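Residue numbers (my numbering): -18 to 150.
Shown next, in structure tokens, is the structure this report addresses.
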């Protein structure tokens, strides 16, 4: 990219989320140009990291609705996901709850540990019972999905090993 072209669409998206500019985010997402929705900067922050960190519910809504969004990217500094960022930086508990709902709906995994070995639930203040309950329910849902997958894989392996041999009389 030459200096004459200015910032790339990805750089503009990061900046728009950093400054809570949902109109610009919407415009960039609707642009006919190809856009890497999971682009990260040198710190490993994606647009979703910045939107969650600034508490931008509108930007998170827009990004979470995009096909191919990865809500589980971890930054390079603290290994935080956007869910970690939303819970660390959000001042308003109602906003934190809404961000948590949006990120979980987008597929955020509440079991991911950051550099300090903290899960998102470890970042929630004790009085924030609604957020804590939501994260614990999501954790149980992820764990039950994993158990079902393991059981399905185990059953598939048993079927393959039972039905894969030929015998001759």
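All C-beta atoms in this analysis are idealised placements derived from N, C-alpha and C, irrespective of residue type, glycine included.
Since the structure is predicted, the reported quantities are computational estimates derived from the model, not experimental observations.
Residue i (DSSP reduced to helix, strand or coil)
{"i": "residue 139", "result": "The predicted position of residue 139 is uncertain, since its pLDDT is 46 and thus under 50; no value can be drawn from it."}
{"i": "residue 95", "result": "coil"}
{"i": "residue 31", "result": "helix"}
{"i": "residue 19", "result": "coil"}
{"i": "residue 55", "result": "coil"}
{"i": "residue 120", "result": "helix"}
{"i": "residue -4", "result": "helix"}
{"i": "residue 2", "result": "coil"}
Given residue i as reference, the closest of the options once Cα atoms are compared
{"i": "residue 95", "options": "112, 63, 106 and 107", "result": "63"}
{"i": "residue 32", "options": "9, 109, -1 and -7", "result": "-1"}
{"i": "residue 77", "options": "87, 106 and 93", "result": "106"}
Own chain, CB closer than 8 Å to residue i, minus 5 neighbours either side, in chain order
{"i": "residue 83", "result": "38, 41, 42 and 45"}
{"i": "residue 12", "result": "-10"}
{"i": "residue 49", "result": "18 and 19"}
{"i": "residue 124", "result": "92"}
7 Å CB neighbourhood of residue i in its chain, flanking five on each side removed
{"i": "residue -14", "result": "none"}
{"i": "residue 24", "result": "56, 57 and 58"}
{"i": "residue 7", "result": "43"}
{"i": "residue 104", "result": "65, 68 and 69"}
Close-in-space but distant-in-sequence residues of the same chain around residue i (CB under 6 Å, 5 per side omitted)
{"i": "residue 85", "result": "119"}
{"i": "residue 91", "result": "101, 116, 119 and 120"}
Contact check, residue i vs residue j, beta carbons under 9 Å
{"i": "residue 65", "j": "residue 36", "result": "no"}
{"i": "residue 19", "j": "residue 54", "result": "yes"}
{"i": "residue 61", "j": "residue 30", "result": "yes"}
{"i": "residue 80", "j": "residue 28", "result": "no"}
{"i": "residue -3", "j": "residue 16", "result": "no"}
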